[in-house]
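Q: The sequence shown begins at 7 in this note's numbering and counts up one residue at a time.
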Amino acid sequence: MNYEKFEMVLSYHCSPVLMGEKQANLVSFSKEKMPELLDIIKVYEEKLAAEGIEMEVICGCRKHYLVLVYRRDMLVDYLRQPEAKEILTEDGYPENAELQEMFSYLKRRFEQQKEFPHEIGLFLGYPIEDVRGFRINGGSGCKLCGYWKVYGDVEKAKVQFEVYDRCRAFVSEQLRQGYSILQVVSGK
Numbered sequence: 007m008n009y010e011k012f013e014m015v016l017s018y019h020c021s022p023v024l025m026g027e028k029q030a031n032l033v034s035f036s037k038e039k040m041p042e043l044l045d046i047i048k049v050y051e052e053k054l055a056a057e058g059i060e061m062e063v064i065c066g067c068r069k070h071y072l073v074l075v076y077r078r079d080m081l082v083d084y085l086r087q088p089e090a091k092e093i094l095t096e097d098g099y100p101e102n103a104e105l106q107e108m109f110s111y112l113k114r115r116f117e118q119q120k121e122f123p124h125e126i127g128l129f130l131g132y133p134i135e136d137v138r139g140f141r142i143n144g145g146s147g148c149k150l151c152g153y154w155k156v157y158g159d160v161e162k163a164k165v166q167f168e169v170y171d172r173c174r175a176f177v178s179e180q181l182r183q184g185y186s187i188l189q190v191v192s193g194k
């Protein structure tokens, strides 16, 4: 199994989540390059869950798997905000749904739509004003483009982007030094 490649992809795309600085990240894995992904996830699930990190396959499209790597408590708290709930309800999500029910609905949205469901920004913890801005402007006219398109507070976003960059650099360096993802997130 290709554990090393899995860890490299996680370190690059999910470091802020692994380090507890972000609710979730979405990462794409090629089915052709990593056909054993579901088995690899099973190996990591229990150990990462002990550190508060979970994974959910959101889409198993023809060529790729989209995996949401998340911290349940942080994500649930974020999605409970009235503004986030309002957007999700507008998109047809059941009111007061549990997280697993939201995931089920999100999966259906991926299957039924030709484009990326825009509410994914909420699941990824993007600022609500930026999610709204993206929806209104169709992705154009943003003030700053980084980990997401910023329509609101640019300075706050820049600070957050720097935090995410430091997380990525730290986790990547730890892997280069021979530590595993599990050792990095547990601090052991």
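Yeah, the Cβ is synthetic: ideal placement off N, Cα and C, and Gly gets one too.
Put I64 into one of helix, strand or coil per three-state DSSP.
A: Strand, per DSSP.
Q: Around the C-beta of E9, are 16 or more other C-beta atoms found within 10 angstroms, so that it is buried, or is it exposed?
A: Before going on, a small fix: residue 9 reads as Tyr here, not Glu. Y9 should be labelled exposed.
Q: Nearest to K113 by CA position, among I126, K162 and K11, is which residue?
A: Looking at the Cα atoms, I126 is the closest of the given residues.
Q: In terms of residue numbering, what span does the alpha helix (DSSP H) encompassing L94 cover?
A: Here the alpha helix (DSSP H) through L94 covers P88 to E96.
Q: Check A30 in the structure and name its three-state DSSP category.
A: In this structure, A30 counts as strand in the three-state DSSP scheme.
Q: Taking Y99 as part of the beta strand (DSSP E), name the residues at either end of that continuous run.
A: First-last for Y99: undefined, no H or E at that position.
Q: Does the beta-carbon distance from G139 to Y157 come in below 8 Å?
A: Contact flag set, yes.
Q: L74 lies in the beta strand (DSSP E); which residues open and close that run?
A: Residues H70 to Y76.
Q: Relative to the alpha-carbon of Q118, which residue among E135, D45, Y170 and C67 has its alpha-carbon at the smallest distance?
A: Answer by Cα proximity: C67.
Q: Assuming Y50 is part of the alpha helix (DSSP H), what are its boundary residues?
A: Looking at the DSSP string, the run of the alpha helix (DSSP H) that includes Y50 is L43 to A55.
Q: Quick check: the Cα distance between F12 and P123, rounded to an integer number of angstroms?
A: So the two alpha carbons sit approximately 25 Å from each other.
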